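Participant: Take this structure first; my questions come after.
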Amino acid sequence: MATACFHLRLCPRFRAFASFSSRPLLATHPRTLPLRRTGPATPLAARTRRGFGSSMAAAPPNEDDDFATAADLRFDQPLKVVQYPDPVLRARNKRINTFDDNLRSLADEMFDVMYKTDGIGLSAPQVGVNVQLMVFNPAGVKGEGEEIVLVNPVVYKFSKRLSVYEEGCLSFPGIYANVLRPDTVEIDAQDASGAKIKVKLSELSARVFQHEFDHLQGILFFDRMTMDVVESIHEQLKNLEDKYEEITGQASPETISNYRGTKDVASFSR
Numbered sequence: 001m002a003t004a005c006f007h008l009r010l011c012p013r014f015r016a017f018a019s020f021s022s023r024p025l026l027a028t029h030p031r032t033l034p035l036r037r038t039g040p041a042t043p044l045a046a047r048t049r050r051g052f053g054s055s056m057a058a059a060p061p062n063e064d065d066d067f068a069t070a071a072d073l074r075f076d077q078p079l080k081v082v083q084y085p086d087p088v089l090r091a092r093n094k095r096i097n098t099f100d101d102n103l104r105s106l107a108d109e110m111f112d113v114m115y116k117t118d119g120i121g122l123s124a125p126q127v128g129v130n131v132q133l134m135v136f137n138p139a140g141v142k143g144e145g146e147e148i149v150l151v152n153p154v155v156y157k158f159s160k161r162l163s164v165y166e167e168g169c170l171s172f173p174g175i176y177a178n179v180l181r182p183d184t185v186e187i188d189a190q191d192a193s194g195a196k197i198k199v200k201l202s203e204l205s206a207r208v209f210q211h212e213f214d215h216l217q218g219i220l221f222f223d224r225m226t227m228d229v230v231e232s233i234h235e236q237l238k239n240l241e242d243k244y245e246e247i248t249g250q251a252s253p254e255t256i257s258n259y260r261g262t263k264d265v266a267s268f269s270r
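Written as structure tokens, this is what we have:
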């Protein structure tokens, strides 16, 4: 059952991993089935208070760390979803060290475009902003479920148990295919205020997180597919490449015809 969600537009949108949805995974698709929750979820804020995370502010960055500048975090409204094969989807995404109204506004705008495009997750590079930020709401409906913001996420543990699930992606409209991923992941991250958190995700929340985390590493969902699955969507990917060339007048920066194989399913680095 989806839990109630209230909106604090000027505060971090960080609630609970407490709900799932019958809406498709990441993008609308009638054949995608929902995952089933096996037990009651505890609100993430409560987990933090009980010692699963820390409310301490982020430590100052090392001088050699490459953090996003104000220019990197600048965005124009309305945001638009970037489609494959736009090179911004493969670009390096910088860590965030400035937690201010601009960052919260970016997260708000990302939620808005996510809902408008029938998604349940969205990463910053998908709207042309190359920083380490993702938002998602497994309910996929504004005013329902739980809105989650993750900044600078890092995976430090994942389950050996894997599951196949049919995924879609807002950057690949109309394309759906099976992806194998770990059932659970344990992560470190920050919220939109810079507070540190540590949490274990499972089922739908884990699946959505991994999909969006891949975007932050410049990895696209077909990179995780087996060769036979990639072959089944080859024509659709080629159509997106042709569309890019038609719109931009430039050669596609990558082509599925040169695809070299599946990325390790349990690899969480680029």
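Numbering (full-length UniProt numbering), first residue to last: 1 to 270. Glycine is no exception: its CB is placed at the ideal position from the N, C-alpha and C atoms. Computed from a predicted model, the values in this text were never measured in an experiment.
Distance check for SER205 and GLY145, CA to CA, integer angstroms please.
Facilitator: 12 Å
Participant: For LYS196 versus ASP223, is the C-beta spacing smaller than 8 Å?
Facilitator: no
Participant: So, ALA266 versus PHE158, is the Cβ gap smaller than 8 Å?
Facilitator: yes
Participant: Let me know the secondary structure DSSP gives GLN210 once reduced to three states.
Facilitator: helix
Participant: Compute the Euclidean distance between the alpha carbons of SER252 and ASN93, then round it to the nearest angstrom.
Facilitator: 21 Å
Participant: Which one or two residues does DSSP pair with PRO182 in a beta bridge?
Facilitator: LEU162
Participant: DSSP three-state call for PHE111: helix, strand or coil?
Facilitator: helix
Participant: Go through its chain and collect everything with a Cβ distance to TYR244's Cβ below 6 Å, but skip five positions before and after it.
Facilitator: PRO85, SER252
Participant: Does the distance from the C-beta atom of GLN132 to that of VAL149 stay below 8 Å?
Facilitator: no
Participant: DSSP state of SER257, grouped into three classes?
Facilitator: The three-state secondary structure of SER257, taken from DSSP, is helix.
Participant: If I follow the unbroken beta strand (DSSP E) through GLU135, where does it start and stop?
Facilitator: Here residue 135 is Val; the residue named in the question, Glu, does not match the sequence. Unbroken beta strand (DSSP E) run through VAL135: 133-136.
Participant: Could you tell me whether the region 154-170 touches the region 180-189, using the rule of 3 or more Cβ pairs below 8 Å?
Facilitator: yes
Participant: Using a Cβ-Cβ cut-off of 6 Å (strictly less than) and excluding sequence neighbours within five positions of PRO30, which residues of its own chain qualify?
Facilitator: Confidence at PRO30 is low in this model, with a pLDDT of 33, below 50, so its placement is unreliable and no value can be given for it.
Participant: How big is the Cα-Cα spacing for ASP72 and GLY121?
Facilitator: 21 Å
Participant: Applying the 10 Å Cβ sphere with the 16-neighbour rule, what's the burial state of LEU162?
Facilitator: exposed
Participant: Report the CB separation of ALA68 from ARG95 in whole angstroms; it is logged as a contact under 8 Å.
Facilitator: 7 Å
Participant: Mapping DSSP to helix, strand and coil, what is ASP188?
Facilitator: strand
Participant: Per DSSP, which one or two residues make a beta bridge with GLY168?
Facilitator: TYR176
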